[in-house]
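Chemist: Numbering (the working numbering), first residue to last: 116 to 193.
Using N, Cα and C, we set each Cβ at its ideal position, and we do this for glycine too.
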């Protein structure tokens, strides 16, 4: 009976670990646009920044793809 309880505990722990990995991936990927948006704010068009909105979207999208690739290589997305 004790081994069945330990098996159930290990199964629940493994599933919880997988859920926590997914939450960590989502959080890390959501931080990238949050930081960029927080630093630039909503005044990009009115400010005299030498960078265009399309370039910012490209940089944020590229960083998010690199983050997805890094998590994939660590086997967190499999």
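(1) Whose C-alpha, out of 147, 120, 152, is nearest the C-alpha of residue 180?
(2) So residue 140 packs on residue 192, CB below 8 Å; how close in whole Å?
(3) What is the C-beta distance between residue 183 and residue 144, in whole angstroms, given that I count them as a contact (C-beta under 8 Å)?
(4) If you draw a straight line from the alpha carbon of residue 169 to that of residue 118, how long is it in whole angstroms?
Modeler: Judging by the given coordinates:
(1) Within the chain shown, residue 180 is the residue found at index 65, counting from 1. Taking only the C-alpha atoms, the option nearest residue 180 is 147.
(2) The count along the chain shown starts at 1 and reaches residue 140 at position 25. The count along the chain shown starts at 1 and reaches residue 192 at position 77. That belief holds up - the Cβ atoms of residue 140 and residue 192 are roughly 7 Å apart, short of 8 Å.
(3) By one-based count along the chain shown, residue 183 stands at place 68. By one-based count along the chain shown, residue 144 stands at place 29. About 7 Å separates the two Cβ atoms, so the contact holds.
(4) One-based indexing of the chain shown puts residue 169 at position 54. One-based indexing of the chain shown puts residue 118 at position 3. Straight-line Cα distance between these residues: approximately 58 Å.
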